[in-house]
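Colleague: Note that my numbering numbers the sequence shown so that position 39 is 1305, with each residue one more than the last. Beta carbons: idealized from backbone N, C-alpha and C, even for Gly.
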Amino acid sequence: MVGYLPVNRIDLLHGTLDLMILQTLKWGPQHGHGIGQAIRASSQDAFQVEHGTLYPALHRLERRGWLAAEWKVSEANRRARYYRLTPKGKK
1267 MVGYLPVNRI DLLHGTLDLM ILQTLKWGPQ HGHGIGQAIR ASSQDAFQVE HGTLYPALHR
1327 LERRGWLAAE WKVSEANRRA RYYRLTPKGK K
């Protein structure tokens, strides 16, 4: 449970997820659910990101200026927030 991990281990987990998100978005813009699916697929189901972990990470990266987001219609004809790398996020 994350609440019991030492602070430096929590930072490590955040950093790992952040890098996985940034790597996933190198392939192009994606909505949050798609990002989670891509991370799971690329890790061969070893790493499954829950929504309660993924969306705070996306918002954190957006606040840092590494991601930008906009609302679009998804493949399922639903409104979804699509994330993309900014020039700062590509570094």
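#1: If you run the structure through DSSP and keep just helix, strand and coil, what is K1357?
#2: With a Cβ-Cβ cutoff of 8 Å, do W1332 and G1298 count as a contact?
#3: Is it true that the segment 1280 to 1290 meets the segment 1336 to 1347, where meeting means three or more beta-carbon pairs spaced less than 8 Å apart?
#4: Here's the rule I'm using: 16 or more other beta-carbon atoms within 10 Å means buried, otherwise exposed. How should Q1296 be labelled?
#5: What residues match up with W1337 in a beta bridge as DSSP calls it?
Modeller: In short, the structure shows the following:
#1: Coil, per DSSP.
#2: Not in contact: W1332 and G1298 (Cβ atoms no closer than 8 Å).
#3: Touching, no.
#4: buried
#5: Looking at the DSSP assignment, W1337 forms a beta bridge with R1347.
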